[in-house]
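As you go down the protein sequences, you meet chains A and B in turn. The opening residue of the first sequence carries number 10 in my numbering; numbering runs sequentially from there. The opening residue of the second sequence carries number 10 in my numbering; numbering runs sequentially from there.
There are 2 protein chains.
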Amino acid sequence: MKVAIVGATGAVGRDLISLIENRNFPVSELVLFASERSLGSSISFKEKSLPIQILKKNSLEGFDIAFFSAGSKVAKHYAPLAVASGAVVIDNSSAFRLDPVVPLIIPEVNPEALWNHKGIIANPNCATIILLMALAPLHKRKKIKRMVVSTYQAASGAGAKGVEDLLQETHSFFTKETYHRQVVPFPYAFNLFLHNSALKDNTYNEEEWKIICESKKILKDDQIGITATCVRVPVIRAHCESVNVQFHEYFSAKEAYEILSSSPGIKILEDKLENRFPMPIDAIGQSDIFCGRIREDISQPFTLDLWIVGDQILKGASLNAIQIAETMLKIKHPNQPKR
Amino acid sequence: MKVAIVGATGAVGRDLISLIENRNFPVSELVLFASERSLGSSISFKEKSLPIQILKKNSLEGFDIAFFSAGSKVAKHYAPLAVASGAVVIDNSSAFRLDPVVPLIIPEVNPEALWNHKGIIANPNCATIILLMALAPLHKRKKIKRMVVSTYQAASGAGAKGVEDLLQETHSFFTKETYHRQVVPFPYAFNLFLHNSALKDNTYNEEEWKIICESKKILKDDQIGITATCVRVPVIRAHCESVNVQFHEYFSAKEAYEILSSSPGIKILEDKLENRFPMPIDAIGQSDIFCGRIREDISQPFTLDLWIVGDQILKGASLNAIQIAETMLKIKHPNQPKR
Numbered sequence: 010m011k012v013a014i015v016g017a018t019g020a021v022g023r024d025l026i027s028l029i030e031n032r033n034f035p036v037s038e039l040v041l042f043a044s045e046r047s048l049g050s051s052i053s054f055k056e057k058s059l060p061i062q063i064l065k066k067n068s069l070e071g072f073d074i075a076f077f078s079a080g081s082k083v084a085k086h087y088a089p090l091a092v093a094s095g096a097v098v099i100d101n102s103s104a105f106r107l108d109p110v111v112p113l114i115i116p117e118v119n120p121e122a123l124w125n126h127k128g129i130i131a132n133p134n135c136a137t138i139i140l141l142m143a144l145a146p147l148h149k150r151k152k153i154k155r156m157v158v159s160t161y162q163a164a165s166g167a168g169a170k171g172v173e174d175l176l177q178e179t180h181s182f183f184t185k186e187t188y189h190r191q192v193v194p195f196p197y198a199f200n201l202f203l204h205n206s207a208l209k210d211n212t213y214n215e216e217e218w219k220i221i222c223e224s225k226k227i228l229k230d231d232q233i234g235i236t237a238t239c240v241r242v243p244v245i246r247a248h249c250e251s252v253n254v255q256f257h258e259y260f261s262a263k264e265a266y267e268i269l270s271s272s273p274g275i276k277i278l279e280d281k282l283e284n285r286f287p288m289p290i291d292a293i294g295q296s297d298i299f300c301g302r303i304r305e306d307i308s309q310p311f312t313l314d315l316w317i318v319g320d321q322i323l324k325g326a327s328l329n330a331i332q333i334a335e336t337m338l339k340i341k342h343p344n345q346p347k348r
Numbered sequence: 010m011k012v013a014i015v016g017a018t019g020a021v022g023r024d025l026i027s028l029i030e031n032r033n034f035p036v037s038e039l040v041l042f043a044s045e046r047s048l049g050s051s052i053s054f055k056e057k058s059l060p061i062q063i064l065k066k067n068s069l070e071g072f073d074i075a076f077f078s079a080g081s082k083v084a085k086h087y088a089p090l091a092v093a094s095g096a097v098v099i100d101n102s103s104a105f106r107l108d109p110v111v112p113l114i115i116p117e118v119n120p121e122a123l124w125n126h127k128g129i130i131a132n133p134n135c136a137t138i139i140l141l142m143a144l145a146p147l148h149k150r151k152k153i154k155r156m157v158v159s160t161y162q163a164a165s166g167a168g169a170k171g172v173e174d175l176l177q178e179t180h181s182f183f184t185k186e187t188y189h190r191q192v193v194p195f196p197y198a199f200n201l202f203l204h205n206s207a208l209k210d211n212t213y214n215e216e217e218w219k220i221i222c223e224s225k226k227i228l229k230d231d232q233i234g235i236t237a238t239c240v241r242v243p244v245i246r247a248h249c250e251s252v253n254v255q256f257h258e259y260f261s262a263k264e265a266y267e268i269l270s271s272s273p274g275i276k277i278l279e280d281k282l283e284n285r286f287p288m289p290i291d292a293i294g295q296s297d298i299f300c301g302r303i304r305e306d307i308s309q310p311f312t313l314d315l316w317i318v319g320d321q322i323l324k325g326a327s328l329n330a331i332q333i334a335e336t337m338l339k340i341k342h343p344n345q346p347k348r
């Protein structure tokens, strides 16, 4: 298969390249695209050095799969062109996620939604993926009524420059030098702030709104109540989520523990004596999502508290995208339109 | 008035000394006590240098007020001795907080509970004070039914050594030197972890349980449902709390905003266009508690989301203790037993 990566030089793009190599994804040719800033650079793949190319109108002709991780604007413009010339696009931006004809996929959760795709498949927001990896197996057993989510999101969610801002500003805290942040809007050294995506008219910010709308679409349940508060913390990589989830019937912590213990892609990390529960550093570079502090909420019947942690660049983005492609190759549903 | 501070060398004790000086608290003599480690040291107060004394059986005789900030064990042993010899004790530990005869006081919230004290007055947990400074004025208008709290707590909650662990371990992240943490149980540089207080049988940790039990006592309402998840983040000072609060009737965000705007000790910090809401660095060294992101929760009727930030060593501990003493001196209720 001929594979394109659009946005190859970002954190997600680079992870995609490693994953394609390490998971032996069936690729006959890999072509890397990025913006003009990256012209002249190259990235190694299977002992070869692949040059970065600039995306042009006809660049995406002749591909089987194109992974997009280049933001909504690029996706809106180029994804339809790639599809028109026969490719399946797996897009990591929010451009198509809520489009009713576009499947929004977490392979462990809703692989069946892949069957009727029309060429574009959307990769959910990282915080949504991490959340639903733990909640979807529970929702499958007993329906969720409502959830309250508070996030602890890492600097790398704001890109490589977000990490640089965190590290450089923290370093300058010790050296007393002056550092001018590049992308992070507020002081970040030993500080935290509300997620800096724009507020909607209903005063939820865009990140919170993604969690709300995408979760309902993926769980195929518009009746679930969801509220979220998204916060950026001075952590390099891996997002944490404190979740309070109310079901329509009694769900014991023990049953939730047992379900999550046997769910694919989830690991429970709970040592109650040592107070050892998932932390960002547990999740960095890991494919699994980690869960712990599974408790019955004493304030309300049928309700659990959970703590969920995951590498938002891996399972929250690149790994999920590759798994979508792998699932698509596997399922080959008889009703799927021939492309 | 003759005033003692027990635990004078800790962060809260040192702030107490500054506050007594800066607020012109009516003190004729101030005596500072600490553990044997501090023997030989002294702390300046009103241009004098006060030597640190070691607490002995008869040390607390003859005082009018004794501020305790030395943990539960010291409080349990020495507070009754101080009271027996005529002092009023204002204790910052959890030793007496849930004792039914001990008032648990936030002066802006429940000053009337001071009237019938029996000599010991308890200062609530820092996270409880910060939470209720914002929620009590709302509860006064319309009753709270249930709240879900997720905290983002600073290193200084674990004492001066907690801060040293955070700073030194982060510094060693850059220098590649080895640092051995003193009190923090888990890697703290660019990492976070669940609050490391012991888990109870119901799997809530002690910090969470304090928020739950103390809030019910202070609000004088056992029917309020409360759940909490307490998290330690790599921030030096000031705690943040993401709170989802359900009322018994409709409460508009606008009305909540107006109430909090005119509540003593609360400042609203909301610039929706600039995405500017309270951060830990806003609260450090500030007497006020900061609130923002006051939103109507779309997932459930009668419910608000709020974001609350406060200096947990000031209003969360030392300032609240001084305010308790100041309130006690002011109210002189006619029914108060003469001590």
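Every residue, glycine too, gets a C-beta built ideally from N, C-alpha and C. None of these values were measured; they are calculated from a predicted model.
- By the C-beta density criterion, His189(A) is exposed, having fewer than 16 other C-beta atoms within 10 angstroms.
- Per DSSP, reduced to three states, the secondary structure at Lys170(A) is helical.
- One Cα belongs to Ala79(A), the other to Val15(A), and the distance between them is close to 6 Å.
- Val318(B) and Glu267(B) have their alpha carbons spaced roughly 18 Å apart.
- In this structure, the CA atom of Ala75(B) is about 21 Å from the CA atom of Glu117(B).
- Under the three-state reduction of DSSP output, Cys249(A) falls in the strand class.
- Contact annotation, Ala136(B) with Ile220(B): C-beta distance approximately 5 Å; criterion of less than 8 Å satisfied.
- Between Phe199(A) and chain B, the shortest Cβ-Cβ separation is below 8 Å.
- Tyr213(B) counts as buried, since at least 16 other C-beta atoms from the protein chains shown sit within 10 angstroms of its C-beta.
- Taking 8 Å as the cut-off, the Cβ atoms of Lys152(A) and His257(A) count as close.
- When beta bridges are read from the DSSP output, Val110(A) appears opposite no residue.
- At a Cβ-Cβ threshold of 8 Å, Gly301(A) and Ile275(A) do not count as neighbours.
- Interface flag for Leu140(B) against chain A is unset, since no Cβ pair is found closer than 8 Å.
- In summary, the residues of the stretch 245–256 of chain A whose CB is separated from some CB of chain B by less than 8 Å are Ile245, Cys249, Ser251 and Asn253, in the order they occur in the chain.
- Near chain A, meaning a CB-to-CB distance below 7 Å, the residues of the stretch 279–294 of chain B are Lys281, Asn284, Phe286, Met288, Pro289 and Ile290.
- Listed along chain B are Ser159 and Ser251, each with a C-beta nearer than 7 Å to that of Ser159(A).
- The C-beta distance from Ile293(B) to Arg246(B) rounds to 5 Å, short enough to fall under 8 Å.
- For His180(A), the C-beta contacts it makes with chain B under 8 Å involve Phe183, in order along the chain.
- One Cα belongs to Pro310(A), the other to Leu282(A), and the distance between them is close to 26 Å.
- DSSP, read as helix, strand or coil, puts Cys135(B) in helix.
- Going by beta carbons, Ala131(B) and Asp100(B) fall inside the 8 Å limit.
- Between Ile233(A) and Lys154(A), the beta carbon gap of about 7 Å places them in contact (Cβ cut-off 8 Å).
- Closer than 7 Å at the C-beta level to chain B, one finds these residues of the stretch 300–316 of chain A: Arg302, Arg304, Asp306, Ile307, Ser308, Gln309, Asp314 and Trp316.
- Along the stretch 95–124 of chain A, none of the residues has a CB nearer than 8 Å to a CB of chain B.
- Closest by C-alpha distance to Ser296(B), out of Gln177(B), Leu228(B), Glu264(B) and Ile322(B), is Ile322(B).
- Secondary structure at Asp314(A): strand, using DSSP grouped into helix, strand and coil.
- The C-beta separation of Ile115(B) from Ile290(B) comes to about 24 Å, leaving the pair out of contact by the 8 Å criterion.
- Residues of chain A with a Cβ closer than 7 Å to the Cβ of Ile268(B) do not exist; the shortest Cβ-Cβ separation is about 17 Å.
- Counting along the chain, the unbroken beta strand (DSSP E) around Ile235(A) starts and ends at Gly234 to Thr238.
- For Tyr213(A), the nearest beta carbon of chain B is closer than 8 Å to its own beta carbon.
- By alpha-carbon distance to Val172(A), the top candidate from Pro194(A), Phe42(A) and Glu186(A) is Pro194(A).
- Contact annotation: in the stretch 222–243 of chain B, residues whose CB is within less than 9 Å of a CB in chain A are Ile233, Gly234, Ile235, Thr236, Ala237, Thr238, Val240, Val242 and Pro243.
- A residue is called buried when at least 16 other Cβ atoms come within 10 angstroms of its Cβ; His86(B) does not meet this threshold and is exposed.
- Taking a 10 Å sphere around the C-beta of Gln191(B), we find fewer than 16 other C-beta atoms and assign the residue as exposed.
- Interface criterion met: the Cβ of Leu203(A) is under 8 Å from a Cβ in chain B.
- Using a Cβ-Cβ cut-off of 9 Å, Arg155(B) is close to Ser308 and Gln309 of chain A, given in chain order.
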